Amino acid sequence: MGRYVARRLLQMIPVFLGSTLLVFLMMYALPGDPVRALAGEQHVDPSQIAALKAEYGLDKPIWQQYLNYLGNLFQGDFGTQIGTQRPVSEVIADAYPVTIQLALFAFVFTVVAGISLGIIAGLKAESLRDRGLLGLTLVLISMPSFVLGFLVQYFVAFKLGIANPNVSIDPTPTELIMPAIVLASLSLAYVARLTRTSVAENIRADYMRTAVAKGLPRRRVIGVHLMRNSLIPVITFLGTDIGALMGGAIVTEGIFNIKGVGSLVFEALAKREGATVVGVVTLLVIVYLVCSLLVDLLYAVLDPRIRYA
Numbered sequence: 450m451g452r453y454v455a456r457r458l459l460q461m462i463p464v465f466l467g468s469t470l471l472v473f474l475m476m477y478a479l480p481g482d483p484v485r486a487l488a489g490e491q492h493v494d495p496s497q498i499a500a501l502k503a504e505y506g507l508d509k510p511i512w513q514q515y516l517n518y519l520g521n522l523f524q525g526d527f528g529t530q531i532g533t534q535r536p537v538s539e540v541i542a543d544a545y546p547v548t549i550q551l552a553l554f555a556f557v558f559t560v561v562a563g564i565s566l567g568i569i570a571g572l573k574a575e576s577l578r579d580r581g582l583l584g585l586t587l588v589l590i591s592m593p594s595f596v597l598g599f600l601v602q603y604f605v606a607f608k609l610g611i612a613n614p615n616v617s618i619d620p621t622p623t624e625l626i627m628p629a630i631v632l633a634s635l636s637l638a639y640v641a642r643l644t645r646t647s648v649a650e651n652i653r654a655d656y657m658r659t660a661v662a663k664g665l666p667r668r669r670v671i672g673v674h675l676m677r678n679s680l681i682p683v684i685t686f687l688g689t690d691i692g693a694l695m696g697g698a699i700v701t702e703g704i705f706n707i708k709g710v711g712s713l714v715f716e717a718l719a720k721r722e723g724a725t726v727v728g729v730v731t732l733l734v735i736v737y738l739v740c741s742l743l744v745d746l747l748y749a750v751l752d753p754r755i756r757y758a
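Residues 450 to 758 (my numbering) are what the sequence shown spells out, left to right.
Structure (structure tokens):
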């Protein structure tokens, strides 16, 4: 098991370096100058702009900027936001709690509702409720999240009046329920379909017939024997989905006016604040990698053959 964990940790290094380098190059390849944008329409002495660029290291070659960024990152320094002169780590720390809370609500809703619906449909494959679930998930998969967000906002907030269309600056858990459901809709559809297919296949397996022939209670047959094997592909998807939910929250936050990472990224892109955008994406990459590692470990626990592969 130790070699399995070490191998997975080593695999994370090139993925992290490649992902951050790609984002760094894409961000700094965009047109615009964050230092020049500070002055707006006012005339600024070119020597002052050059001095500010030298202060933030923007006058160096791109490869040297990336190496400096990595060196500072390993010391916990995400850089400085040029417009506000604040450390990027502080700016991200102000925005991330709301996004994390929203993503966690969406994740819990995805796990509970998605797996439950998948089990209900998978136990009676090709039945009316199974076809209904497949139709519902197909609609959710086909519909862009911003369209679903505006529809939910229109009917729930404006027509029924049971929720506010926008979330306050310091949102309560109740205010985040509607955005969380919208954010979770796509993942819920995939989880429900994965669970349904896996349950429908495994319920016809030999080990299931053996468990039933041994006279085991139905609750134990389904809860232990069936679910242990059926949840392996679902757990794999859920592990990588946490990072996707945090990235997808950018669109949902824009619809419901949530002051999280989404609004932070939009403002940073408008002002060409590369350090802020790269810092947010770097954290997302770390979340992806950690979740993938946890999934691999859990995967090996569920199926011991994997750790020896």
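Just so it is clear, CB atoms sit at the ideal spot from N, CA and C, and this is done for glycine as well.
Treat the numbers as computed from the prediction; the structure is a model and nothing was measured.
Exercise. Looking at C-beta atoms only, is the number of pairs between the stretch 698–716 and the stretch 666–681 that lie closer than 8 Å three or more?
Worked result: Look at the beta carbons and you see the stretch 698–716 not touching the stretch 666–681: under three pairs across the two are nearer than 8 Å.
Exercise. Per DSSP, what kind of secondary structure is residue 669 in: helix, strand or coil?
Worked result: Position 220 of the sequence shown, counted from the first residue, corresponds to residue 669. Looking at residue 669 - three-state DSSP - the assignment turns out to be helix.
Exercise. I think residue 688 touches residue 744, with their Cβ atoms under 8 Å apart; what is that distance to the nearest whole Å?
Worked result: Indexing the sequence shown from 1 puts residue 688 at position 239. Indexing the sequence shown from 1 puts residue 744 at position 295. With a Cβ gap of about 3 Å, residue 688 and residue 744 count as contacting.
For this session: My understanding is that residue 698 touches residue 633, with C-beta atoms under 8 Å, so please give their C-beta distance in whole angstroms.
Result: For this step, residue 698 is matched to residue 249 along the sequence shown. For this step, residue 633 is matched to residue 184 along the sequence shown. 10 Å between Cβ atoms; not a contact.
Exercise. When you compare only the Cα positions, how much space is there between residue 614 and residue 603?
Worked result: The residue given as residue 614 occupies position 165 in the sequence shown. The residue given as residue 603 occupies position 154 in the sequence shown. So the alpha carbons of these two residues sit roughly 8 Å apart.
For this session: Going by CA-CA distance only, name the one from 665, 548, 639 that's closest to residue 629.
Result: Locating residue 629 in the sequence shown gives position 180, counting from the first residue. If we check each option's Cα against that of residue 629, 548 comes out closest.
Exercise. Do the CB positions of residue 427 and residue 468 come within less than 9 Å of each other?
Worked result: Since the displayed the chain opens at 450 and closes at 758, residue 427 lies outside it and no answer follows.
For this session: Examine the Cβ distances between the stretch 660–670 and the stretch 578–587 and report whether three or more of them are shorter than 8 Å.
Result: Inter-segment contact for the stretch 660–670 and the stretch 578–587 is absent: fewer than three beta-carbon pairs are separated by less than 8 Å.
Problem set entry | From 618, 601, 565, residue whose alpha carbon lies closest to that of residue 610 | Working through the sequence shown from its first residue, we reach residue 610 at position 161. Minimum Cα distance to residue 610 is reached at 601.
For this session: Could you have a look at residue 646 and say whether DSSP puts it in helix, strand or coil?
Result: The count along the sequence shown starts at 1 and reaches residue 646 at position 197. In the three-state scheme derived from DSSP, where H, G and I count as helix and E and B as strand, residue 646 is classed as helix.
Exercise. If we ignore side chains and look at the alpha-carbon of each, how far apart do residue 676 and residue 648 end up?
Worked result: Here residue 676 refers to the residue found at position 227 of the sequence shown. Here residue 648 refers to the residue found at position 199 of the sequence shown. So the two alpha carbons sit approximately 7 Å from each other.
For this session: Could you have a look at residue 628 and say whether DSSP puts it in helix, strand or coil?
Result: Counted from its first residue, the sequence shown places residue 628 at position 179. Helix.
For this session: Just grab the DSSP bridge partners of residue 529 for me.
Result: Translated into the one-based positions of the sequence shown, residue 529 becomes position 80. Looking at the DSSP output, residue 529 sits in a beta bridge with 536.
Exercise. Taking DSSP as the reference, what is the three-state secondary structure of residue 614?
Worked result: Stepping through the sequence shown from its first residue, residue 614 is reached at position 165. In this structure, DSSP gives residue 614 a state outside helix and strand, which the three-state scheme calls coil.
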